[in-house]
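The structure appears right after this line, and notes come after that.
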Amino acid sequence: MWKNEYKPPRHRSSDFRTPVIFYEYEEKSGPTPGQKQKKSLFKCLAKVDGVWLKDLERAKQNGTLSEVTIKIRDPIGSYVPSNKHFVEINDPLYPEPYNIKHVQPDVQDRSVINILGKLTS
C-alpha cells in the first residue's frame, strides 16, 4: 500500500543566495566595428555548486580553464537560457563571466534548471 507522507523539497529558498546576471553581447553603434557591450537579459538568485574533481577533469578534456554548475528556479517562459548567452556570477571567487555551455532541466525537481558554464579566456 502507498504511504502518504510529506517529502520536503530538494531545494530550499535559502540554497539560492548568489546573484547572477544573464546577458548577451550586442554591437555598439559607432564608427569602430567589432566592439560590443552587454545587454542584460535576466537577473536572479542562483545556487552555484562547488567544483568537483570530475568537473576539473572534464574541463581539461574540453580545453576550457574552468567549468561551473549553476542552478536557478525555472522562470517559466520569461527567460530561456541559451548557449549564445553569458552568465556573470556576483561573487569575488568568480571574477569573469562564463559562457553558457549546456542547459537542461533538473530530472529530480522540474522547478529547477541546471546550467553548465565554461570559462575559456
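-9 is the number of the first residue of the sequence shown in the numbering used here; add one for each residue after it. By construction, the Cβ of each residue, glycine as well, lies at the ideal position given by its N, Cα and C atoms. The structure displayed is predicted, hence computed values, not measured ones.
Residue i, DSSP secondary structure in three states
i	result
K33	strand
E(-5)	coil
K26	strand
For residue i, the residue or residues it bridges with in DSSP
i	result
K102	For the record, residue 102 in the displayed sequence is Val; it is not Lys. V102 pairs with R63.
G107	V58 and I90
F76	Y13 and N89
Y95	It should be noted that the sequence gives Pro, not Tyr, for residue 95. In DSSP, P95 forms a bridge with I103.
V38	I60
Residue i versus residue j - alpha carbon distance
i	j	result
L43	I90	20 Å
R2	D96	15 Å
A36	T8	5 Å
Y(-4)	E17	51 Å
R100	E57	23 Å
P71	I105	8 Å
V93	G107	9 Å
D64	C34	10 Å
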